[in-house]
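Student: Structure in structure tokens, see below.
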Amino acid sequence: MSLVLKDVRKAYREPDGRVLPILNIAEFSLKSGEQAVLVGSSGGGKTTLLNVISGITTPDAGTVTIDGIEITRLHEVGRDRFRAQKIGFVFQTFNLLPAFTALENVLLGMSFSGKNVDRRRADELLGKVGLSHRLHHRPPQLSVGEQQRVAVARALANKPSLLLADEPTANVDIANQQTILTLIREACQENNVSLLMVTHAPEVANQFERLIKLDDVNQAGGR
Numbered sequence: 002m003s004l005v006l007k008d009v010r011k012a013y014r015e016p017d018g019r020v021l022p023i024l025n026i027a028e029f030s031l032k033s034g035e036q037a038v039l040v041g042s043s044g045g046g047k048t049t050l051l052n053v054i055s056g057i058t059t060p061d062a063g064t065v066t067i068d069g070i071e072i073t074r075l076h077e078v079g080r081d082r083f084r085a086q087k088i089g090f091v092f093q094t095f096n097l098l099p100a101f102t103a104l105e106n107v108l109l110g111m112s113f114s115g116k117n118v119d120r121r122r123a124d125e126l127l128g129k130v131g132l133s134h135r136l137h138h139r140p141p142q143l144s145v146g147e148q149q150r151v152a153v154a155r156a157l158a159n160k161p162s163l164l165l166a167d168e169p170t171a172n173v174d175i176a177n178q179q180t181i182l183t184l185i186r187e188a189c190q191e192n193n194v195s196l197l198m199v200t201h202a203p204e205v206a207n208q209f210e211r212l213i214k215l216d217d218v219n220q221a222g223g224r
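For the sequence shown, this note's numbering assigns the number 224 to the last residue and increments by one with no breaks.
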């Protein structure tokens with residue numbers, strides 16, 4: 002799953018009417034199976050970049066091409082379908098459904114892709130993140146760190162071709178931080194999944210061969 006961005010720009014309008022540039026990326030790419038970590042200051046556009054890559058947010062200009070498909074040309078339903086089938090996303094805010102158990106959240110993630118729901122794989126992933134004893138607990142009954150681990154399991158459930166992870170270790174304790182990181186990286190390596198991870202943790206970033214500073218690729222605001 003190769004990823005290529007060209008001339009991608011995104012800006013938002015502030016309440017006073019001024020335009021605030023967020024992204025201005027001439028070119029960015031990620032090779033099939035490559036693992037990279039993205040670092041940068043808070044509010045610098047890292048989450049917006051992940052949202053644009055995934056098709057959740059549409060850029061004002063430019064193209065995002067994933068595995069030869071220019072997703073910026075797809076309509077909203079097409080982008081949603083592509084994302085469900087090809088992209089795993091660990092959201093910073095988890096985006097778990099509060100009325101469903103940890104296991105059900107993972108199974109629902111599988112069902113959105115149109116693939117067969119694999120209960121055994123869901124059980125296995127939740128076990129790998131240390132939640133075998135919490136399968137039937139709903140998000141409000143889980144700690145913040147446990148919710149983060151459910152989100153990681155859900156993102157990996159469909160064996161995506163591209164995994165986007167927005168601070169996946171930020172809300173887990175030190176004991177589980179390396180477990181989560183190892184699970185993500187090994188799962189991606191085993192299945193030749195491209196990985197782009199955002200982090201503020203030096204101990205996480207230093208484990209990646211490719212470290213990308215957002216300011217080096219993003220020229221928004223004259224940076």
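Heads up, the beta-carbon is just placed ideally off N, CA and C, and yes, glycines get one too.
Could you tell me how far apart the beta carbons of isoleucine 213 and proline 161 are, in whole angstroms, since I believe they sit closer than 8 Å?
Tutor: Stepping through the sequence shown from its first residue, residue 213 is reached at position 212. Stepping through the sequence shown from its first residue, residue 161 is reached at position 160. Between proline 161 and isoleucine 213 the Cβ distance is about 20 Å, and since that is not below 8 Å, they are no contact.
Student: Which class does arginine 224 belong to by DSSP, given the choice of helix, strand or coil?
Tutor: On the sequence shown, residue 224 is found 223 positions in, with the first residue counted as 1. Bear in mind that the predicted position of arginine 224 carries a pLDDT of just 43, short of 50, making it too unreliable to give a figure here.
Student: What did DSSP end up calling asparagine 25 once you bin it into helix, strand or coil?
Tutor: Numbered from its first residue, the sequence shown carries residue 25 at position 24. Strand, per DSSP.
Student: Report the option in Val40, Lys47, Leu165, Ala202 whose CA atom is closest to the CA atom of glutamate 175.
Tutor: The residue labelled residue 175 in the question sits at position 174 within the sequence shown. A quick correction: the sequence has isoleucine, not glutamate, at residue 175. With distances taken between Cα atoms, isoleucine 175 lies closest to Ala202.
Student: Would you identify the three-state DSSP class for glutamine 149, choosing helix, strand or coil?
Tutor: Counting from one through the sequence shown, the residue named residue 149 turns up at place 148. In the structure shown, glutamine 149 sits in a helix (DSSP, three-state: H, G or I).
Student: Measure the CB-CB distance between alanine 62 and arginine 10 and report whether it falls below 8 Å.
Tutor: Counting from one through the sequence shown, the residue named residue 62 turns up at place 61. Counting from one through the sequence shown, the residue named residue 10 turns up at place 9. Their beta carbons are under 8 Å apart, which means alanine 62 touches arginine 10 by this criterion.
Student: When burial is assigned at 16 or more other CB atoms within 10 Å of the CB, is serine 144 buried or exposed?
Tutor: As a first step, residue 144 is located in the sequence shown; it is residue number 143 there, counting from the start. So serine 144 counts as exposed.
Student: Once DSSP output is grouped into helix, strand and coil, what is the label at leucine 212?
Tutor: For this step, residue 212 is matched to residue 211 along the sequence shown. Reduced to three states, the DSSP call for leucine 212 is strand.
Student: If we call anything under 8 Å between Cβ atoms a contact, is threonine 48 one with threonine 59?
Tutor: As a position in the sequence shown, residue 48 is number 47, starting the count at 1. As a position in the sequence shown, residue 59 is number 58, starting the count at 1. Contact flag unset, no.
Student: Following the continuous beta strand (DSSP E) through alanine 62, name the residue where it begins and the one where it ends.
Tutor: Here the question's residue 62 lines up with position 61 in the sequence shown. Counting along the chain, the beta strand (DSSP E) containing alanine 62 begins and ends at 62-67.
Student: Are leucine 24 and leucine 197 touching if we call contact CB-CB under 8 Å?
Tutor: Residue numbering aside, residue 24 sits at position 23 when the sequence shown is read from its first letter. Residue numbering aside, residue 197 sits at position 196 when the sequence shown is read from its first letter. In this structure, leucine 197 does not lie closer than 8 Å to leucine 24 by Cβ.
Student: Can you list, in chain order, the residues of its chain with a C-beta nearer than 7 Å to that of glutamine 178? Leave out the 5 residues immediately preceding and following it.
Tutor: As a position in the sequence shown, residue 178 is number 177, starting the count at 1. Answer for glutamine 178: Thr170, listed in chain order.
Student: Between the region 203-210 and the region 129-148, are three or more C-beta pairs nearer than 8 Å?
Tutor: Not touching, per the Cβ criterion.
Student: Which same chain residues end up closer than 7 Å to glutamate 147 when comparing Cβ atoms and leaving out the 5 residues on each side of it in sequence?
Tutor: What you label residue 147 is simply residue 146 of the sequence shown in a count that begins at 1. The residues are Leu132, Arg135.
Student: Can you give me the start and stop residues for the beta strand (DSSP E) that valine 40 sits inside?
Tutor: Position 39 of the sequence shown, counted from the first residue, corresponds to residue 40. It spans 36-40 - the beta strand (DSSP E) in which valine 40 sits, taken as one unbroken run.
Student: Determine the DSSP secondary structure at aspartate 8, reduced to helix, strand or coil.
Tutor: Along the sequence shown, read from residue 1 onward, the residue named residue 8 stands at position 7. Correct three-state label for aspartate 8: strand.
Student: Span of the beta strand (DSSP E) holding leucine 163?
Tutor: By 1-based counting over the sequence shown, the position of residue 163 is 162. It spans 163-167 - the beta strand (DSSP E) in which leucine 163 sits, taken as one unbroken run.
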